[in-house]
Amino acid sequence: MKKTYEVELRRTSFITVWVDAENEDEAEALAWQESMTFHSHHDSSWDIESIEEVAPAEEVKTWRESIEETNQGE
């Protein structure tokens with residue numbers, strides 16, 4: 031019998047940016063601004079934080095079905 035598990039993943043991402051600044055505070059602010067222009071899945075790594083059994087699959091299916099029925103009635 032299959033069980034339903036909640037799996038929490040953590041993504042860690044690293045980038046390096048170069049900025050010209052007067053001091054570290056300004057460098058940090060500029061780096062945050064610059065980092066917003068990057069969007070890549072290649073600079074990330076994934077780790078599993080936790081895995082927890084939440085219920086037998088049949089119970090979760092029943093719970094999901096009841097949520098869907100409720101949402102359809104809205």
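Counting from 1 along the sequence shown, just add 30 to a position and that's the residue number in our numbering.
Note that the Cβ used here is the ideal one computed from N, Cα and C, for glycine as well.
How big is the Cα-Cα spacing for E83 and A57? 45 Å
Per-residue DSSP class, three states only, for T100: helix
May I have the straight-line CA-CA distance separating T42 from A51, to the nearest angstrom? 27 Å
Please report how far the alpha carbon of V37 lies from the alpha carbon of E64, in whole angstroms. Distance between the alpha carbons of V37 and E64 is about 32 Å.
Strictly by DSSP, which residues pair up with K33? P86
Is DSSP giving E38 helix, strand or coil here? strand
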